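*Asks:* Count the sequence shown with the working numbering and you get residues 263 to 352, in order. Every residue, glycine too, gets a C-beta built ideally from N, C-alpha and C. If you're wondering where the values come from, they're calculated on a predicted model, not measured in any experiment. Handing you this structure, nothing more for now.
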Amino acid sequence: MEEQKKDTTVNGLFEKAGDYLETRLDLVKLKTTRTTSDVVATGKGLGETSYGFFIVGGFYALVGIIFHLLREKWVKDPISNIIIKKMTKL
């Protein structure tokens, strides 16, 4: 009896995990569609669809460069400080 209950619980868990994965995949598809439509609309506004891709790509490259240059200030130092504070409290 208990064996059957465990099987039902595990099967239910796998079903929910499958539903979750399908939902996440649908969400990724919708976000991709939205981003692509924004890029195409920007390009059409400028007269050439490829311009939209260049503008968005340039924006992401600029953000990436800024993040790379400031990574120690924004990421490394705060994480190091948190770790040091946690270790000194012990």
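1) Helix or strand or just coil, what does DSSP make of Gly-309?
2) Kindly list the residues whose CB is nearer than 6 Å to the CB of Ile-327, restricted to its own chain and excluding five residues on each side of it in sequence; keep chain order.
3) Write down the C-beta distance between Thr-311 and Gly-319 rounded to the nearest angstrom, noting that I regard them as a contact closer than 8 Å.
4) Hey, could you find the ends of the alpha helix (DSSP H) Lys-347 is sitting in?
5) Thinking Phe-315 and Val-301 are a contact (beta carbons under 8 Å), I'd like their distance in whole angstroms, please.
6) In three-state terms, what does DSSP make of Leu-275?
*Replies:* Quick look at the numbers:
1) Correct three-state label for Gly-309: coil.
2) There are no such residues.
3) Actually they do not touch by this definition, with Cβ atoms about 13 Å apart.
4) From DSSP, the alpha helix (DSSP H) with Lys-347 extends over 339 to 351.
5) Rounded to whole angstroms, the Cβ separation of Phe-315 and Val-301 is 6 Å, and the two are in contact under 8 Å.
6) Looking at Leu-275 - three-state DSSP - the assignment turns out to be helix.
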